[in-house]
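**Student:** The following block contains the structure, expressed as structure tokens.
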Amino acid sequence: MLLVDRTIEDVLRKYASQYPVITITGPRQSGKTTLCKKVFTNKSYVNLEAPDTRQFAVEDPRGFLAQYTDGAILDEIQRAPDLVSYLQEIVDDTPRDGRYILTGSQQFEVSNTINQSLAGRTALVKLLPFSMEEISSSYLLPSIDNLLYHGFFPRLWDKGLDPTQALRDYFETYIERDLRQLISIKDLNLFQRFVRLCAGRIGQLLNLNSLANDTGVSHTTARNWLSLLEASYVVFLLQPYHRNISKRLVKSPKLYFYDIGLVSYLLGIEKEKQIARYPLRGQMFENMVVMEVLKYRLHHGHGNNLHFYRDSKGNEVDLVLTKGIDLFPIEIKSGMTITRDYFKGLKHFCKLFPDNIPDGGGLIYAGEKTQKRTEVSVVPLAKMNNLLAGKSI
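For the sequence shown, counting from 1, position 201 maps to 200 in numbering that gives the first Met the number 0; every step adds exactly one.
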């Protein structure tokens with residue numbers, strides 16, 4: 000197995016010198032365990048999904064933690080959440096930086112537990128699947144359509160797995176293991192239909208009524224299911240940007256998935272060559288770029304500052320990165336040829352906030368040429384990190 004260097008490694012090392020506990024959350028199979036073992040080579044590793052280990056941790060948390068007075072990697076901490084309260088006692092009584100590393104695949108469950116017991120004592124980081132930059136550092140970066148079909152889960156890249164088979168296994172495992180930990184769903188077929196319908200609406204404004212009606216469930220059920228998908232790092236809701244300039248701004252979030260390969264599987268795509276002709280290819284490209292920007296932020300130790308802009312007249316910018324009063328708008332286009340229409344939304348947005356866009360805007364597209372225009376930096380997908388690295392946002 001090729002051990003890919005993860006961007007977030009330096010962030011973890013820094014936090015290990017500042018906090019007694021580091022908590023890493025992210026989708027299942029995003030590489031959390033491999034990352035922890037690579038960065039914290041001197042730590043004991045404990046998998047709390049192992050039944051005997053979990054039983055010991057749940058029934059006798061003090062005795063369990065007494066085995067690891069020098070610290071440990073506690074994987075899937077949400078399986079034994081009461082351990083966190085006992086960890087608080089340990090790190091308060093004998094403070095030592097970088098002592099315990101916690102991981103979890105359910106962000107709401109983990110964050111609630113952490114906030115109650117380890118607030119101020121732990122650094123919180125999120126690890127998403129591979130970024131394009133991480134893939135290109137160890138593999139030959141494939142075509143855009145291959146990325147859209149393949150997705151970014153490390154295991155698929157490490158083992159060269161067939162995406163359709165591997166992502167089917169991933170989805171079935173998610174339903175059987177993660178979902179049943181969070182809630183009891185009476186009709187799994189209906190839930191699977193709901194998830195597939197979500198995949199068909201990527202890049203669109205969230206319309207829960209439509210999703211509920213098309214699935215055949217109540218609005219309340221649809222809302223609860225969507226919250227589950229958020230909690231387990233399947234879907235990502237991009238929030239709209241608001242700044243009291245108008246009451247005509249859209250207030251609904253846009254729907255995306257954390258991994259575009261899973262979207263391809265849920266849409267029934269079984270071969271890479273089907274991507275080029277697929278009606279949602281533009282939205283799939285947009286989903287991938289939004290996630291790449293989010294990975295760039297999170298894996299460099301920054302928070303999520305991503306939004307989008309849309310008003311009732313149809314003026315739109317795909318991404319708006321915020322930092323205080325400063326803004327950096329980004330348009331995303333799946334075409335390979337730059338046209339005048341690509342800049343329409345950016346120009347409108349820049350006119351609305353002339354004093355808040357010090358770096359101009361950005362355009363990420365599927366072509367190959369880089370252009371530096373008066374108000375917009377145009378970059379191909381493969382060089383998008385150059386665009387982000389040069390900005391103050």
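Ideal Cβ positions, reconstructed from N, Cα and C, are used throughout, including at glycine.
(1) Classify residue 66: buried if its beta carbon has 16 or more other beta carbons within 10 angstroms, exposed otherwise.
(2) So what does DSSP say about residue 43, is it helix, strand or coil?
(3) Once the 5 residues before and after residue 324 are set aside, which same chain residues still bring their CB inside 6 Å of it?
(4) Can you pull the DSSP bridge partners for residue 364?
(5) What is the rounded straight-line gap between the Cα of residue 36 and the Cα of residue 338?
(6) Would you say residue 149 touches the ligand ZN, meaning its beta carbon is less than 7 Å from a heavy atom?
(7) Tell me which residue opens and which closes the beta strand (DSSP E) that residue 168 is part of.
(8) Taking the alpha helix (DSSP H) that residue 348 falls in, what are its first and last residues?
(9) So the beta strand (DSSP E) residue 315 belongs to, where does it begin and stop?
(10) Reducing DSSP to helix, strand and coil, say where residue 326 ends up.
(11) Provide the residue span of the alpha helix (DSSP H) that contains residue 144, from first to last.
(12) If you follow the alpha helix (DSSP H) that residue 56 is in, where does it begin and where does it stop?
(13) In angstroms with no decimal places, state the Cα-to-Cα distance between residue 265 and residue 352.
(14) Evaluate residue 370 with the Cβ neighbour count: other Cβ atoms within 10 Å of its Cβ, from every protein chain shown; 16 or more gives buried, anything less gives exposed.
(15) Determine the burial state of residue 275: buried for a count of at least 16 other Cβ atoms within 10 Å of its Cβ, exposed for fewer.
(16) What span of residues does the beta strand (DSSP E) with residue 238 cover, start to end?
(17) Just the C-alpha distance for residue 4 and residue 43, rounded to the nearest angstrom, thanks.
(18) Taking C-alpha atoms, which residue in 102, 50, 16 and 120 lies nearest to residue 29?
(19) DSSP on residue 123, reduced to helix/strand/coil?
**Tutor:** So, to answer that:
(1) Counting the other CB atoms within 10 Å of its CB gives residue 66 a total below 16, which places it among the exposed residues.
(2) strand
(3) 355
(4) According to DSSP, residue pairing for residue 364 in a beta bridge involves 332 and 379.
(5) 47 Å
(6) Looking at this structure, you won't find the ligand ZN or any other ligand, since it has none at all.
(7) Unbroken run through residue 168 is the alpha helix (DSSP H), 162 to 172; no beta strand (DSSP E).
(8) 343 to 351
(9) 315 to 322
(10) It is a strand residue.
(11) Where residue 144 is concerned, the enclosing alpha helix (DSSP H) stretches over 143 to 149.
(12) Boundaries of the alpha helix (DSSP H) harbouring residue 56: 50 to 58, taken from the DSSP string.
(13) 39 Å
(14) exposed
(15) exposed
(16) 234 to 239
(17) The alpha-carbon atoms of residue 4 and residue 43 are separated by roughly 21 Å.
(18) 102
(19) Here residue 123 sits in strand by DSSP.
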